[in-house]
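Novice: Protein chains in written order, with this note's numbering: chain V, 1 to 159; chain A, 1 to 190. Just so you know, even glycine gets a beta-carbon here, dropped at the ideal spot from N, CA and C. As the structure is a computational prediction, the values presented were derived from the model and not from experiment.
(1) Please state the DSSP three-state secondary structure of residue 88/V.
(2) Quick one, which residues of the region 52-71 of chain V are near chain A if we go by CB-CB under 8 Å, in chain order?
(3) Taking CB distances under 8 Å as the criterion, tell me whether residue 43/V reaches chain A.
(4) Is residue 11/V close to chain A? Criterion is C-beta to C-beta, closer than 8 Å.
(5) Taking only three categories from DSSP, how would you classify residue 192/A?
(6) Taking Cβ positions only, does residue 160/V come closer than 8 Å to chain A?
(7) At the 8 Å Cβ level, is residue 84/V part of the contact set with chain A, yes or no?
(8) DSSP three-state call for residue 15/A: helix, strand or coil?
(9) I'd like to know whether the C-beta of residue 5/A is nearer than 8 Å to at least one C-beta of chain V.
(10) Hey, would you say residue 123/A sits closer than 8 Å to residue 53/V, going by beta carbons?
(11) Just checking: is the beta-carbon of residue 8/V within a distance shorter than 8 Å of some beta-carbon in chain A?
(12) Applying the criterion that 16 or more other CB atoms from any shown protein chain within 10 Å of the CB defines a buried residue, is residue 43/A buried or exposed?
(13) Measure from the alpha carbon of residue 133/A to the alpha carbon of each residue in 63/A, 160/A, 117/A, 180/A, then state which is nearest.
(14) Step through the CB atoms of chain V and report whether any lies within less than 8 Å of the CB of residue 26/A.
(15) Between 12/A, 83/A, 52/A, which has its C-alpha nearest residue 64/A's C-alpha?
(16) For a contact defined as C-beta to C-beta under 8 Å, what are the partners of residue 40/V on chain A?
(17) Judging by CA-CA distance, which residue of 9/V, 71/V, 2/V is the nearest neighbour of residue 33/V?
(18) Keeping to the same chain, check which residues put their C-beta closer than 7 Å to that of residue 44/V; ignore five residues upstream and five downstream.
(19) Would a check of beta-carbon distances place residue 146/A closer than 8 Å to chain V?
(20) Could you tell me the boundaries of the alpha helix (DSSP H) in which residue 66/A lies?
(21) With 16 as the cutoff for other CB atoms within 10 Å, does residue 67/A come out buried or exposed?
(22) Listed in chain order, which residues of the region 50-72 of chain A have Cβ atoms closer than 8 Å to some Cβ of chain V?
(23) Output needed in chain order: residues of the region 161-175 of chain A with a Cβ under 7 Å from some Cβ in chain V.
(24) Here's the rule I'm using: 16 or more other beta-carbon atoms within 10 Å means buried, otherwise exposed. How should residue 185/A be labelled?
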């Protein structure tokens, strides 16, 4: 094993005790025979000892007070913020009566329209026989005549 | 040291707005968050600001937490990102303003400290000296591994990077520390 590879392993897996078996045996043999790598291993081991001796830090009590003040300002809005789907669902729920009333009104208008107009169109289309057309035409004709009848005795005088 | 854990029912209560349940979460994880924040920022005021931000963010995001992942990993990740952001924000602000008040860096003095407490203070001071020699990203790696005692796989999860990247970052961070100690002639305890 060369020093470059050995030093790379010493500062990581070796010092963190992630090695075992033949790899560990090979590296330890190299460390025993190489003064530079042995010095490196000792230095990194001392670094670890220094860090291990340092205790965890405790946050001052004032930090919790500040956090509590901040989160209790508006707990309701903080506690629950609905997502997009929730908001759409809520709005639809609010619109529900309006939608039902609108649909009912549209349906009513359709029904009224159908009742009012369908029989007329139905009779026109179904009774488009020649006789019926003549009857309609003759009805129209009689109305034309009456339109030009002035209703005075003058016409009868010339006749 | 290992990752802290907390009962899921407490998380659920806190997500529902129960402040005392959230206080329980704070008590369990505040030391971990503050240690990481202080390790990264190397300034007590910044660490306090970061810790506050972290827990307010946690409280507001609790309803989005999926129990499939580890709660402590989730907190570590928020803490790490927040601490790095606070560090960069405040460093930029300090660099562009009046000389920065060094008092933010000082370790609070413990009156009538015992021998054990004095040793701990010295150890903390040594760690501070070492961490200041590193970039915030390398500080994060060192704090997670050396102080928090996370395994490579846990670090990979927190940092959202592959294990080999964890390995290479640790390698660079430790090499930088060894080089710094050699250059500065630091031998005390090292």
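Specialist: This is what the structure holds:
(1) In the first chain, residue 88/V corresponds to position 88, counting from 1. Residue state, collapsed to three classes: helix.
(2) 52, 53, 54, 55, 56, 57, 58, 59, 60, 62, 63, 64, 66, 67, 68, 70, 71
(3) Here residue 43/V refers to the residue found at position 43 when the first chain is read from its first residue. Closer than 8 Å: yes.
(4) As a first step, residue 11/V is located in the first chain; it is residue number 11 there, counting from the start. At least one chain A Cβ lies under 8 Å of residue 11/V.
(5) Outside the shown range of chain A, which is 1 to 190, sits residue 192/A, and nothing can be said about it.
(6) The first residue shown for chain V is 1 and the last is 159, placing residue 160/V beyond what the model contains.
(7) What you label residue 84/V is simply residue 84 of the first chain in a count that begins at 1. No, residue 84/V does not count as interfacial toward chain A.
(8) Numbered from 1 along the second chain, position 15 holds the residue referred to as residue 15/A. Of the three classes helix, strand and coil, the one that applies to residue 15/A here is helix, per DSSP.
(9) Translated into the one-based positions of the second chain, residue 5/A becomes position 5. No - not a single Cβ of chain V is within 8 Å of the one on residue 5/A.
(10) By one-based count along the second chain, residue 123/A stands at place 123. By one-based count along the first chain, residue 53/V stands at place 53. Yes, Cβ-Cβ distance for residue 123/A and residue 53/V is below 8 Å.
(11) Translated into the one-based positions of the first chain, residue 8/V becomes position 8. Taking Cβ atoms only, chain A reaches closer than 8 Å to residue 8/V, which makes this a yes.
(12) To locate residue 43/A, count along the second chain from 1; it is residue 43. The residue in question, residue 43/A, is buried, as its Cβ has 16 or more Cβ neighbours within 10 Å.
(13) Here residue 133/A is taken as the residue at index 133 of the second chain, counted from 1. Of 63/A, 160/A, 117/A, 180/A, the residue nearest in Cα terms is 180/A.
(14) Start at 1 with the first residue of the second chain, and residue 26/A comes out as number 26. By this cut-off, residue 26/A is an interface position.
(15) Stepping through the second chain from its first residue, residue 64/A is reached at position 64. Closest by alpha carbon: 12/A.
(16) On the first chain, residue 40/V is found 40 positions in, with the first residue counted as 1. Within chain A, the residues near residue 40/V are 178.
(17) In the first chain, residue 33/V corresponds to position 33, counting from 1. Here the closest residue by C-alpha is 2/V.
(18) Locating residue 44/V in the first chain gives position 44, where the first residue counts as 1. If we look at residue 44/V and ignore the five residues flanking it on each side, its Cβ neighbours are 10, 11, 15.
(19) Start at 1 with the first residue of the second chain, and residue 146/A comes out as number 146. Closer than 8 Å: yes.
(20) For the purposes of this step, residue 66/A is identified with residue 66 of the second chain, where counting begins at 1. Residue 66/A -> no alpha helix (DSSP H), and no H or E assigned at all.
(21) To locate residue 67/A, count along the second chain from 1; it is residue 67. Answer is exposed; the Cβ neighbour count stays below 16.
(22) 51, 52, 55, 56, 59, 60, 63
(23) 167, 170, 171, 174, 175
(24) The residue given as residue 185/A occupies position 185 in the second chain. Exposed, because fewer than 16 other Cβ atoms sit within 10 Å of the Cβ of residue 185/A.
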